[in-house]
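Read top to bottom, the protein sequences are chains A and B. My numbering puts the first residue of the first sequence at 64, with every later residue one more than the last. My numbering puts the first residue of the second sequence at 56, with every later residue one more than the last. Where is the CB? At the ideal position from N, CA and C, for every residue including glycine. Given the structure is predicted, the values throughout are model-derived calculations rather than measurements.
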Amino acid sequence: MSPIRTALTSALTSEVTGGIGTSPRRPDGNLKVRGEFAYASDLWHEDMVWGATLRSPHPHARIVSVDLTEAIRVPGVRAVLTHEDVPGLNRYGLERKDQPVLAEGVVRYQGEPVALVAADHPETARRAMRRVKVAYEVLEPVVDVETAAGAAPLHPGGNLLRHVPVRRGDQAATAAVVVTGRYEVGMQDQAFLGPESGLAVPAEDGGVDLYVATQWLHVDREQVARALGMPEDKVRLTLSGVGGAFGGREDLSMQVHACLLALRTGRPVKMVYNREESFYGHVHRHPAVLHYEHGADRTGKLSYVKAKIYLDGGAYASSTGAVVANAATLGIGPYEVDNVTVDAWGLYTNNPPCGAMRGFGAVQAAFAYESQMDRLAAELGLHPVELRLRNAMAEGSVMPTGQLVDSAAPVARLLELVRDKPLPPPSGALDLRDMPGGVANTTHGEGVVRGVGYAVGIKNICFSEGYDDYSTARVRLQVVNGEPVAQAHTAACEVGQGLVTVVQQIVRTELGVRRVAILPMDTTIGDGGSTSASRQTYVTGGAVKAACAAVRAELAAMAGTEDLSEVDLAELLGDRVVDRTAEYRHRRTEPIAPVTGQGNAHVQYGFAAHRAVVDVDTELGLVKVVRLDCAQDVGRALNPQAVVGQIQGGSAQGLGLAVMEEIRTSGGRVRNPSFTDYLIPTTLDMPPMGVDVLELADPNAPYGVRGVGEPPTISSTPAIVAAIRAATGLALTRVPVRPEHITGT
Amino acid sequence: MRVDVTVNGEARRADDVWEGESLLFLLRERLGLPGAKNACEQGECGSCTVYLDDVPVCACLVAAGQAHGREVRTVEGLAVGDELDPVQEAFVEAGAVQCGFCTPGLVVAAHDLLNRVAAPSDPEIREALAGNLCRCTGYEKILDAVRLAARRR
Ligand code: FES
Ligand code: FES
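Here it is, written out as structure tokens:
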């Protein structure tokens with residue numbers, strides 16, 4: 064074994080053909096199927112020791128005292144640290160620096176890190192942790208989001224994190240037909256399979272090298288350096304293999320902890336969470352309570368929408384502010400409505416901290432507004448798709464924020480596509496394994512009813528509200544063994560989505576070369592921005608395209624012609640190297656006006672629609688999703704196979720929220736931190752999917768792309784719940800729908 | 056405790072193994088074979104699936120000592136040199152690999168299925184893989200991969 068295994072140690076190369084619009088092999092595919100791709104939890108160093116985290120058992124408590132004496136005495140223990148050992152600022156956070164690296168005086172959620180241990184063996188570290196004596200004075204937890212604003216303040220500024228109002232048109236509008244509803248969305252977990260892990264290696268210059276699974280290397284570095292009290296150039300991050308992310312790696316987990324232990328012990332420190340710790344170790348999707356009122360005329364044309372949306376941010380802010388803004392600005396869905404009154408609030412509580420998860424604020428709102436559209440359709444006696452078509456926004460529509468939708472918004476077409484797909488055969492014609500309850504053999508069709516439901520959703524793509532959202536790419540071209548070979552370097556995190564493949568495709572298309580090596584992603588190059596908001600193909604893709612254009616300009620100057628199609632690049636280059644770095648920024652956005660919510664806050668909108676077909680065993684309350692079809696506009700499919708993979712995977716996460724996934728809390732305590740009790744869809748839960756991909760180019764985006772990753776997660780959930788309602792006639796105002804919601808017991 | 060085990064055809068020995076250690080820990084941390092994954096370490100996800108005497112098991116549920124004197128085959132032992140096993144090849148081609156953290160376990164489970172059933176039906180594939188969680192793909196392309204591998208074997 065080599066003395067150190069640190070993620071990608073060499074460049075990734077693979078197929079030598081496949082530009083944009085094709086689906087070449089992933090450059091990391093062979094390593095992954097061979098079990099040789101180094102994920103963060105696979106990192107290894109011959110001198111390494113193991114780090115572990117002692118966490119608070121209480122959702123809210125004062126720390127009276129911490130006694131480390133017994134823990135330090137355990138043979139094999141190298142270090143035991145508390146907040147007193149944090150040399151820099153003991154606070155971090157994406158939007159507000161409100162979260163301690165290690166708790167200081169008070170704990171605000173169950174699972175909050177209190178102390179760290181480094182030891183020779185992970186079990187030694189665990190045993191030592193149990194000998195750290197922490198005396199707590201338990202405090203009353205704040206757990207109800209709707210009353211949290213008036214509860215005892217958990218942070219100096221009070222419990223209201225952000226309020227975003229959106230006001231458009233006549234605030235006193237009335238309508239002939241009115242439907243109201245109160246909806247709830249449970250707390251969903253990203254449940255990425257690769258647990259939080261990393262390896263921190265102390266460096267000779269007094270700094271530290273951190274190999275880690277994350278979504279955003281540069282913002283991690285900034286936060287780590289501040290906590291360590293070091294200049295940023297002393298903290299170097301390299302991306303290791305990432306086992307999925309979905310928003311859950313946008314905040315720090317073990318990054319600062321491993322670095323603190325490494326610097327203290329002078330040894331490389333590996334930290335790996337187990338599944339239970341992972342549930343405590345990252346933020347979740349905000350649970351929400353949503354009150355809606357829709358008014359329409361008798362033809363179904365919406366007159367007004369009013370909404371009050373409460374999002375539970377939990378103990379620390381994370382990205383709650385941006386989630387609130389999304390819920391507010393996208394809160395009425397992809398519909399044209401002249402009169403809008405929306406208020407969204409994000410609040411601190413003593414529940415687990417919530418932040419980014421795929422769909423980011425748009426998921427919660429969509430469950431409510433789509434449920435309302437179905438209610439309204441029923442009230443008017445209209446088909447649910449017909450009602451949506453009568454109100455669907457299109458290119459040229461104006462958002463409730465006043466923003467013009469200035470590229471394709473094929474909401475009606477997406478709905479028609481899923482509506483017109485052939486329906487699956489009736490239940491009973493199917494294998495037992497396709498029945499609700501499956502091989503548990505709970506029914507052979509008795510008590511089983513079928514339902515069909517529809518939904519459509521909207522998502523902002525890229526970062527909004529004036530954020531300087533950019534990415535950096537470096538492309539280098541030289542001749543190796545007589546052939547021109549390109550290298551592409553970015554800090555944009557590959558988390559599974561296939562960015563590495565798309566970067567190769569762009570370089571092949573732009574430079575006409577066959578071989579493209581992807582260099583390890585790290586902080587030796589400029590910021591790549593976050594792998595979130597469905598933005599990497601758009602923004603990092605744009606940066607790679609721009610770097611290629613700069614390389615091509617240099618080649619054109621060398622060749623004395625703009626047209627390189629006839630030029631032999633190997634001959635032209637000889638032993639010269641062309642090396643260019645470029646940044647790409649999408650068009651600027653504006654802040655949201657604080658009182659009216661008006662402003663051109665978003666870069667681009669993405670849309671997807673779903674049709675779900677379900678069978679429900681009404682006696683046991685079991686649901687089998689028989690079929691889930693999706694139509695989505697992606698602007699341009701740079702890699703059609705990866706696009707469909709995103710749509711299928713995103714739809715599966717929406718299915719999970721619809722019928723099974725929830726972190727259940729009571730009094731702020733997590734009751735199900737395991738895959739035994741927090742269920743995610745399996746092969747038996749996911750039905751076959753028909754996917755229609757539209758490619759209506761956005762003229763503002765590189766190659767016309769439109770972000771792909773999030774929209775399918777948004778409409779999947781309400782479509783499935785609509786189908787269960789259609790089957791059962793029940794109101795079902797909360798997700799996930801549990802068997803007892805169906806049986807009423 | 057000392058554990059002697061044949062892994063991917065090679066005799067391996069580990070000393071000072073603590074009795075609470077799993078076969079998964081032994082493979083990953085002592086024998087330098089991190090291919091089998093650690094997504095839950097509770098027997099719920101299948102990411103750690105390896106063959107133990109030709110039977111697929113969750114390595115996280117097997118004590119390291121139980122593997123003493125036995126044969127283990129991991130995902131690292133499926134390819135022959137540069138030549139991928141047909142199941143591995145199909146996973147890459149079909150787009151069944153995104154983050155890939157589920158992949159080693161799924162590849163072993165699919166390999167075992169195709170050893171037992173040459174041309175499995177869709178319900179048979181779904182049932183055989185139901186113990187292997189994947190969070191990225193929605194499974195559709197994993198099914199495609201198994202069908203493709205079955206056609207080619
Ligand atoms: S790690 Fe063994 S089943 Fe999940
Ligand atoms: S590919 Fe990521 S968990 Fe399956």
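Cβ neighbour criterion (16 or more within 10 Å) applied to residue i
| i | result |
| --- | --- |
| E144/B | buried |
| G220/A | exposed |
| H507/A | exposed |
| A518/A | buried |
| R734/A | exposed |
| P176/A | buried |
| A239/A | exposed |
| L486/A | exposed |
| R451/A | buried |
| T780/A | buried |
| Q234/A | exposed |
| H446/A | exposed |
| V201/A | exposed |
| N414/A | buried |
| G444/A | exposed |
| L323/A | buried |
| A272/B | With chain B covering 56 to 208 only, the question about residue 272/B has no answer from this structure. |
| V543/A | exposed |
Beta carbon proximity, residue i to chain B, threshold 9 Å
| i | result |
| --- | --- |
| V335/A | yes |
| F100/A | yes |
| A391/A | no |
| V689/A | no |
| D692/A | no |
| Q704/A | yes |
| D105/A | yes |
| G114/A | no |
Neighbour flag for residue i against chain A, beta carbons, 9 Å
| i | result |
| --- | --- |
| Q121/B | no |
| Y194/B | yes |
| C113/B | no |
| R171/B | no |
| R207/B | no |
| V135/B | no |
| V147/B | yes |
| A94/B | yes |
Residues near residue i in its chain [Cβ-Cβ closer than 6 Å; skip 5 each side]
| i | result |
| --- | --- |
| V641/A | L540, V614, E617 |
| P765/A | G604, G605, K608 |
| M64/A | Confidence at M64/A is low in this model, with a pLDDT of 42, below 50, so its placement is unreliable and the value that follows should be read with caution. Cβ within range, chain order: n/a, list empty. |
| L632/A | P547 |
| R788/A | L795 |
| K160/A | R154 |
| A135/A | Just to set this straight, residue 135/A is Ile in the shown sequence, not Ala. These residues qualify, in order along the chain: V143. |
Proximal residues to residue i (C-beta, below 8 Å), its chain only, five neighbours per side dropped
| i | result |
| --- | --- |
| D109/B | E126, R128 |
| D140/B | L133, A134, V162, H166 |
Nonlocal neighbours in the same chain, by C-beta distance under 7 Å from residue i, ignoring five residues either side
| i | result |
| --- | --- |
| E313/A | L157, Q278, W279, S382, G418, A419, S593, S595 |
| D183/A | V112, G139 |
| A119/B | V58, V72, E76, S77, L78, F80, L81 |
Checklist line | Proximal residues, the stretch 727-747 of chain A versus chain B, C-beta separation under 7 Å | finding: S737, F738, T739, I743, T745, T746, L747
Notebook entry, point to check: At a Cβ cut of 9 Å, what residues of the stretch 80-95 of chain A count as close to chain B, listed as they run along the chain?
Noted result: S86, R88, R89, D91, G92, N93, L94, K95
Item checked: Residues within the stretch 176-191 of chain A neighbouring chain B, beta-carbon criterion of under 8 Å -> The residues in question are H184, E186.
Notebook entry, point to check: Listed from N- to C-terminal order along the chain, which residues in the stretch 62-78 of chain B have their beta-carbon within a distance smaller than 9 Å of any beta-carbon of chain A?
Noted result: Against chain A - using a Cβ distance shorter than 9 Å - the residues of the stretch 62-78 of chain B are W73, G75, E76.
Margin query: Tell me which residues of the stretch 706-722 of chain A have at least one Cβ-Cβ distance to chain B shorter than 7 Å, keeping chain order.
Written below: G708, Q711, G712, S714, A715
Notebook entry, point to check: If you measure beta-carbon to beta-carbon, which residues of the stretch 490-513 of chain A are closer than 8 Å to chain B?
Noted result: D494, R496, D497, V502
Checklist line | Within 9 Å of chain D by C-beta, residues of the stretch 306-337 of chain A in sequence order | finding: No chain D is present in this structure, whose protein chains are A and B.
Notebook entry, point to check: Of the residues that make up the stretch 555-566 of chain A, which ones have a beta carbon closer than 8 Å to any beta carbon in chain B?
Noted result: So the list reads V558, G559, Q560, G561, given in the order they occur along the chain.
Item checked: Under 7 Å (Cβ pairs) to chain A, residues found in the stretch 159-187 of chain B -> P159, V162, P178, R181, E182, L184, A185
Item checked: the stretch 234-256 of chain A: positions lying closer than 7 Å to chain B by Cβ -> A254, F255, L256
Item checked: Selection of the stretch 747-769 of chain A by Cβ proximity to chain B, strictly under 8 Å -> Per Cβ criterion, the list reads L747, M749, P751, M752.
Checklist line | Residues of the stretch 254-284 of chain A whose Cβ lies closer than 8 Å to any Cβ of chain B, in chain order | finding: A254, F255, L256, G257, P258
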